[in-house]
Structure formats: C-alpha cells, structure tokens
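Visitor: For reference, the structure I am asking about is given below.
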Amino acid sequence: MSTPNGFPQHSGACVTRSTEGGAVQDLHAKKAGKAAKKEAGGNGVLTFEDPPSVGTSLNETLKLLPDELKANTKIKSVTPRPPRKPRLERAASLDEKSWRRWRRFRTSQESLTDPNETSSSNGSLQEASLSPPVRGRASPCHQCCQQNSLHSSPDASENSLMGKSRGGTSDLGKRASEISSAFGGLLRGKAFAGGKPRLSQIMPARPLPPMELSVASHTLRTANRIDSDCMDYRHYSQHKFGRVSSSLSDTRLHGNGMVYDNCSTDSMKSTFSLLTPIRSKDVRSRSYLEGSLLANGALLGAEELSKYFPDRNIGIFVATWNMQGQKELPVNLNDFLLPTDPDYAQDMYVIGVQEGCPDRREWEIRLQETLGPHYVMLYSAAHGVLYMSVFIRRDLIWFCSEVEYATVTTRIVSQIKTKGALGICFTFFGTSFLFITSHFTSGDSKVNERKLDYNKTIQALTLPKNVPDTNPYRSSSSDVTTRFDEVFWFGDFNFRLNKDRETVDSILNQNPETDVSKLLAYDQLTSEMSRGSIFKGFQEAAIHFRPSYKFDIGKDSYDTTSKQRTPSYTDRVVYRSRYKDDIHAVKYSSCPVIKTSDHRPVFALFRVKVRPGRDNIPLAAGQFDRELYLIGIKRRITRELQKRQEQKDQKSSSVCSVS
C-alpha cells in the first residue's frame, strides 16, 4: 500500500513518531521489516521486477514531503543545493597505468560507503540516489524513511521509479534521469549491510582487445627485466612509497607520445631508478656464489645474460698489424678501429701487433683515445715486440673472469724477441675465449719452419692456469686450442704466394677491385690448411681484399725496391669453435688508408654465441686500466676542443682588400 503521493504508508507512520503512541510505531516498524524481508527473498538483497528505462523521469520520487509531514518535522531554512553532475568513468584500458585504476576504484568505494563524504562526485551521486533534495536538512527519522522506501514493495518501487515525468525538460529531471540510467544497474542486486550500499568489483563488459600496434623490440622487452621474485614489488612500492608513476621511463615514454605497450614499460619500471629493484630481504638472503647455472640472480646466469644479450651473441673486433717498428703512429685510427660498415661498434676489441712501436704505452693510449669513454682496457700483454690489447665495453667488465696470458718464443738465438706467440685467455659469462697473436718465420720458401712455429705454439702455450676449463672432456693436453670454447688466432703468419712478381702484378691489374680468387689459388696458407698440416679445425672468412704485404711506406704501390718482393697475404685472422656455428664472420678486410708501415692492418668482425656460466669462477671484479682510461679521455677532450677552436677561428677570420 502506498499513499496518493507515491510514498509508502509505513513511511508516514515512522515520521509521526512524536505524536502517536509507541505501540503504533512499533507495529508499523514490524510490518515494514516483514515487507522488506519478503521482497528481498530472505537474503537482504534489493530486487526490482522491471528495470527503469533510460528515458524515465524520477519526478515522483523527487517530490517534496506532504503537508502533514512538514507540520510534524522540524525544518531549518537553508540555501538549496542541487546535486552535482556525476562523473562517469569508463573501464580502464591496457594503456592506463595500474596505480590510477587502483586509486579511482579505491576512491569510489570509500565515497559510497562513507556517509560523511560529500566532496567527491560519487558522494553526490549517493545523496541524489538515496534521498530526494529538500529545502531543509532532513532529520534522522527522515533519512530512515528514505532508506525504508527503497525496501518497499515492487509496486511502490515501480510507481516511484517508472512514474511519468511532469517537469518536462527541467534541469532536475535531466540530472535524475542521468543518475538513474548510469547507476541504476550498480545498485540493482547488491547487498546492503546496515543500510549502506557497497559496490562490487567493476568488470569490463567484454574481453579487452589485444594490443595490435607494438614497436617494442625483443631487446627492449627483456632489457632490465624484473626478477621473478620481485614481481610483486610494484604493488608493494605503491603502498609504501607512492611514486611508481614518477619513474623516468614512464614520464619520458608517455610524455613524448611514443607508441608502447605494457611489456616495454613494465620491463623498465622501477621506483628509484632504471635498475632492477631489489628488496632488502633479498639482499640479506641472496648469495652470488651459488655456482648454479640457473640460479636466480646469479651474476653470470642466464637471466643476467639475457638482459645484456637477448640473442646471446656478442660482437668482437679482431685485428692484426705489423708496424715494422716505426716510431711514427697514424694520425687517425678511426678507419682502422671504427669502420663505417657496419654502423655499430663492437662489444669487444682485440688488437695484436707484431714488430710494435718502441713506445708501447703511447700505442695503448692512442687506442683508448680512439675508442672513447664507452670502452676500457681489460688487459694488455707483451712478448718482446709482440703486443696485444683487449678492450671491452665498460658495462661488461663485471662478467669477465680473471685474465691470464702466456708466451712462446720460436727464435731463441735472437736477443730481441721478434718471433713467437702471445696468448691471452679469459671467460666471459660461461664462454671461454683464447686470443693468440703470432709472428712466424719469414721467407718465401720456409713453409716447414712456419709449421714448426705453429706446432710449438699449441704445445708450449700453458693456458688456462687458474680459470677452470668449461668443458674438460673435450680438451687435449697437447693442443691449447682445444681447451677453450672460442679461439681466435691472428698475426703475421708470413705465408706467401707461390708465384712470381710479374704474374701477381698482372692479376692485380686485371682485377683492381675485389676479385682475388686467382691469387688465392697460389696462397701457401690456404693450401696447407686444406691438407690439415696447420691450423687444424680452424676456419678463415672469405678474402675480398688485396694483399696486405709488401707496400712502399706512405704509398699505395707494392715493393719497388731492388728485391721486388711478391705481394702476399701474410697477415691473417683464423678462428675455431668447440660448437658448430658458434662463430659467424661478419666482415674480413684490410685498412688501406694507414700507410706508416709496409703492412696494411687486417681486421675481422665476428658474431659469437655466448652461454651462461657459473658464479664459482675467479672474477676480474671489474678491474681495468684506470690510468690509461683517464689519459685517453683527456686527450680526446683536448682534441675535440682544438677542433672546435679551429672551426671557430676559420669562421671568424676574413680577408678584406682595399683598393
């Protein structure tokens, strides 16, 4: 039963509590409770038979109280305040940040459950939906009546919600319609505990679409990836620090309008920096000397390797140059160490020198100056006038083992060690490397002596010493090259072309570009390697450059002296691997612009597969030649400043002629 004004009859009984007896009030209260339980089906859940349509007005619900209700209610005169316009929220998408979604959902819950909250838009919605606007502040009994009206019979609910609009296009009616259409579904079927509505979790209407546009590369997806035991760090830091959104990666990526996805941004996300976040309890319990291949957080493990090399390939530059003992060094080494093809520099640079310049330190400074601040010299060694320097990107020095070296002398009679071999070895992650530079016996016909130099080197080179062999079951005590995963052997091997000078010159004149296949048919080293008498198991990339020996110093012409030496491929780079297809040759060429010696430098670029390792090997602990690094960088800065000053003076200088 309901009154002609659309309000339930028991509501009036509750309002006139001060004028009628307590028994009457108790009787009506019991009837109202039974009616509410019956309509709720015994579960305390408010249901509606017919949902209100979008165009239905709520003028009947928003009517003022009847006159007899006003007479018995104390009303204070205040300025009317219409309900605020609701702020409708859409479902969070994949591109939105998780902390915003959590914050909005938390705010909406607190606003709807807290009766004292009136500042938020959701609070205004609650007030407009549960109580009609009146000219005065309603008494507590009035609020109880409005809550009971929601628990009334379906007929009363239908009359109040489905009544015809009488206000036409009034602002109040429009806002009521928007409130009804937007939040009617949220209030329908929800449980009320103590008369306070509570929202359930908001779910999207349909499954979210997958990301179609993604430019995040595989390297970006895996770089700085968060460890599996730190995956909940983001939620933990939201409550503790509250500044996840202010990370450098988020603000720069989102502010610049870059196309991104959750994989790329989450992989770089951290609270304080771009480094992988580590909790205090992990630092206390984690050991970096576990010796396990797949240990979580291992310094040389698979996860760390994938962060720096997702495809597990490292770029290595290997070069050899017979300097002929010249004191004068080239003015510029950029064309030698930093060729324009390919576009990117390598991760590791290994340079071997035969008959090196008298000032070895100056040569190393020049190398550091050319490579710049991104590289540091991991190690250098010398054997007489044989020099070898190993430079590596400074980010990678933590993953190198201790560096060891050994030497072999093939010419004992000479006081100056000009002939022999120098070897340097170390382990990078889980892959062992051996680099050997040699200077074999010279002479056109001394092929057997050169093969003896090779055999003596592989037998007498005592490596490794302290660094364990990664695969001792495939090693041989009589061949040092079998005790390492990847071996690079380079130097002045002194193998010549078995042809006279006139024939070689005619071939070179016929094919001035890169077709040297006819010359290689007379190459001594190619012939001996095919027979298996030297460099067993080694390979050499295809040669497409002119012979590197013997030139007139400072010129592009071959030997014009009385000896008329035959041009030959004396300077070579060969390689071998324990595992098939671990080494891929990218480029093999010479540097014709350096003319300070009768030899041209020869270099090769490789892509080498690297495997994860164990943390129980002796590490280099990030040591490098810091003094050399500082000197090289100072020289580089000084050279750049001088260059800028020259350009400035050239622009400012002018010649004026007065007639």
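Numbering of the sequence shown is given in our numbering, commencing with residue 11 and proceeding in unit increments. Beta carbons: idealized from backbone N, C-alpha and C, even for Gly. The structure presented is a predicted model; accordingly, all values stated were derived computationally and were not measured.
Can you say whether residue 422 is buried or exposed, counting buried as having 16 or more other CB atoms within 10 angstroms of its CB?
Guide: One-based indexing of the sequence shown puts residue 422 at position 412. Classification for residue 422: exposed.
Visitor: Given residue 340, which residues of its chain have a CB within under 6 Å of its CB, disregarding the five upstream and five downstream residues?
Guide: As a working mapping, residue 340 is identified with position 330 in the sequence shown. 604 and 606, listed in sequence order.
Visitor: Taking 8 Å as the threshold, find out whether the region 537-551 comes into contact with the region 581-589 through three or more Cβ pairs.
Guide: The answer is yes - the region 581-589 touches the region 537-551, with three or more Cβ pairs under 8 Å.
Visitor: Can you give me the start and stop residues for the beta strand (DSSP E) that residue 564 sits inside?
Guide: Looking up residue 564 in the sequence shown gives position 554. Neither: residue 564 is in no beta strand (DSSP E) and is coded neither H nor E.
Visitor: Return the bridge partner residues of residue 581 from the DSSP annotation.
Guide: As a working note, residue 581 is residue 571 in the sequence shown. Answer is 502, bridged to residue 581.
Visitor: Give me, in chain order, the residues of the same chain whose beta-carbon lies closer than 6 Å to that of residue 599; leave out the 5 immediate sequence neighbours on both sides.
Guide: Translated into positions along the sequence shown, residue 599 becomes position 589. Around residue 599: 555.
Visitor: Is there contact here, the region 446-463 with the region 498-509, by at least three beta-carbon pairs under 8 Å?
Guide: Result yes; three or more Cβ-Cβ pairs closer than 8 Å.
Visitor: Give the C-beta separation of residue 447 and residue 387 to the nearest angstrom, bearing in mind that I take them to be a contact with Cβ-Cβ under 8 Å.
Guide: Reading the sequence shown from its first residue, position 437 is the one you call residue 447. Reading the sequence shown from its first residue, position 377 is the one you call residue 387. About 16 Å separates the two Cβ atoms, so there is no contact after all.
Visitor: What does DSSP give as the partner residue(s) for residue 396 in the beta ladder?
Guide: Within the sequence shown, numbered from 1, the residue matching residue 396 stands at position 386. Partner(s): 393.
Visitor: What does the alpha-carbon distance come out to for the pair residue 400 and residue 528?
Guide: Walking along the sequence shown from the start, residue 400 turns up at place 390. Walking along the sequence shown from the start, residue 528 turns up at place 518. If I take the Cα positions, the gap works out to 35 Å.
Visitor: For the alpha helix (DSSP H) containing residue 346, list its first residue and its last residue.
Guide: Along the sequence shown, one-based indexing puts residue 346 at 336. Residue 346 -> alpha helix (DSSP H) spans 344-347.
Visitor: Can you name the residues that DSSP bridges to residue 387?
Guide: On the sequence shown, position 377 is the one that residue 387 refers to. According to DSSP, which records beta bridges pairwise, residue 387 is partnered with 401.
Visitor: Quick check on the DSSP output: the alpha helix (DSSP H) that includes residue 373 runs from which residue to which?
Guide: Within the sequence shown, numbered from 1, the residue matching residue 373 stands at position 363. Looking at the DSSP string, the run of the alpha helix (DSSP H) that includes residue 373 is 370-381.
Visitor: When you compare each of 613, 637, 651 and 515 to residue 363 by their alpha carbons, which one comes out closest?
Guide: As a position in the sequence shown, residue 363 is number 353, starting the count at 1. When only C-alpha atoms are compared, the closest one is 613.
Visitor: Return the first residue and the last residue of the alpha helix (DSSP H) that residue 359 is part of.
Guide: Locating residue 359 in the sequence shown gives position 349, counting from the first residue. Premise fails: residue 359 lies in the beta strand (DSSP E), 358-364, not in any alpha helix (DSSP H).
Visitor: Relative to the ligand MG, is the shortest distance from any of its heavy atoms to the C-beta of residue 212 smaller than 8 Å?
Guide: This structure does not include the ligand MG; it has no bound ligands of any sort.
Visitor: Would you mind reading off the limits of the alpha helix (DSSP H) that contains residue 318?
Guide: To locate residue 318, count along the sequence shown from 1; it is residue 308. From DSSP, the alpha helix (DSSP H) with residue 318 extends over 312-318.
Visitor: What number of angstroms, rounded off, separates the C-alpha of residue 574 from the C-alpha of residue 511?
Guide: Numbered from its first residue, the sequence shown carries residue 574 at position 564. Numbered from its first residue, the sequence shown carries residue 511 at position 501. For residue 574 and residue 511, the distance between alpha carbons rounds to 7 Å.
Visitor: Once DSSP output is grouped into helix, strand and coil, what is the label at residue 464?
Guide: As a working note, residue 464 is residue 454 in the sequence shown. Helix.
Visitor: Measuring CB to CB, does residue 314 end up less than 9 Å from residue 635?
Guide: For the purposes of this step, residue 314 is identified with residue 304 of the sequence shown, where counting begins at 1. For the purposes of this step, residue 635 is identified with residue 625 of the sequence shown, where counting begins at 1. Not in contact: residue 314 and residue 635 (Cβ atoms no closer than 9 Å).
Visitor: Please state whether DSSP places residue 418 in a helix, a strand or coil.
Guide: The residue given as residue 418 occupies position 408 in the sequence shown. It is a strand residue.
Visitor: When burial is assigned at 16 or more other CB atoms within 10 Å of the CB, is residue 538 buried or exposed?
Guide: Walking along the sequence shown from the start, residue 538 turns up at place 528. Buried, because 16 or more other Cβ atoms sit within 10 Å of the Cβ of residue 538.
Visitor: What residue from 541, 438 and 506 has the CA that sits closest to residue 405's CA?
Guide: For the purposes of this step, residue 405 is taken as the residue at position 395 of the sequence shown. That would be 438, whose Cα lies nearest to the Cα of residue 405.
Visitor: Ignoring anything shorter than 3 residues or poking outside the region 584-627, list the beta strand (DSSP E) runs there in chain order.
Guide: Entirely contained in the region 584-627, the beta strand (DSSP E) runs reaching 3 residues are, in chain order, 593-600 and 612-619.
Visitor: Check for me: the beta strand (DSSP E) holding residue 442 runs from which residue to which?
Guide: Here residue 442 refers to the residue found at position 432 of the sequence shown. Looking at the DSSP string, the run of the beta strand (DSSP E) that includes residue 442 is 441-449.
Visitor: Identify which residue in 543, 544, 513 and 465 has its Cα closest to the Cα of residue 530.
Guide: In the sequence shown, residue 530 corresponds to position 520, counting from 1. Comparing Cα positions, the closest option is 513.
Visitor: Near residue 337, which residues of its chain fall below 7 Å by C-beta distance, leaving aside the five closest residues on each side in sequence?
Guide: On the sequence shown, residue 337 is found 327 positions in, with the first residue counted as 1. Here the set comprises 367 and 368.
Visitor: Whole angstroms are fine: how far does the CA of residue 467 sit from the CA of residue 394?
Guide: Position 384 of the sequence shown, counted from the start, is the residue given in the question as residue 394. Position 457 of the sequence shown, counted from the start, is the residue given in the question as residue 467. Straight-line Cα distance between these residues: approximately 16 Å.
Visitor: Please state if the CB of residue 343 and the CB of residue 396 are separated by a distance shorter than 9 Å.
Guide: Counting from 1 along the sequence shown, the entry for residue 396 is found at position 386. Counting from 1 along the sequence shown, the entry for residue 343 is found at position 333. No. Outside cutoff.
Visitor: Within the continuous alpha helix (DSSP H) that includes residue 514, where are the two ends?
Guide: For the purposes of this step, residue 514 is taken as the residue at position 504 of the sequence shown. Segment 511-520, the alpha helix (DSSP H) holding residue 514.
Visitor: Can you tell me where the beta strand (DSSP E) with residue 437 in it begins and where it stops?
Guide: Position 427 of the sequence shown, counting from 1, holds the residue named residue 437. First-last of the beta strand (DSSP E) with residue 437: 430-438.
Visitor: Would you call residue 416 buried or exposed, if buried means 16 or more other Cβ atoms sit within 10 Å of its Cβ?
Guide: In the sequence shown, counting from the first residue as 1, residue 416 sits at position 406. Buried is the call here.
Visitor: Check the DSSP bridge columns for residue 486 and list the partner residues they point to.
Guide: Position 476 of the sequence shown, counted from the first residue, corresponds to residue 486. Answer is 489.
Visitor: Measuring only the C-alpha atoms, how far is residue 570 from residue 488?
Guide: Translated into the one-based positions of the sequence shown, residue 570 becomes position 560. Translated into the one-based positions of the sequence shown, residue 488 becomes position 478. Near 44 Å, if we compare the C-alpha coordinates of residue 488 and residue 570.
Visitor: At the level of alpha carbons, what is the spacing between residue 345 and residue 308?
Guide: Residue numbering aside, residue 345 sits at position 335 when the sequence shown is read from its first letter. Residue numbering aside, residue 308 sits at position 298 when the sequence shown is read from its first letter. When rounded, the distance between both Cα atoms is 39 Å.
Visitor: The beta strand (DSSP E) that contains residue 325, what's its start and end?
Guide: Here residue 325 refers to the residue found at position 315 when the sequence shown is read from its first residue. Here the beta strand (DSSP E) through residue 325 covers 323-332.
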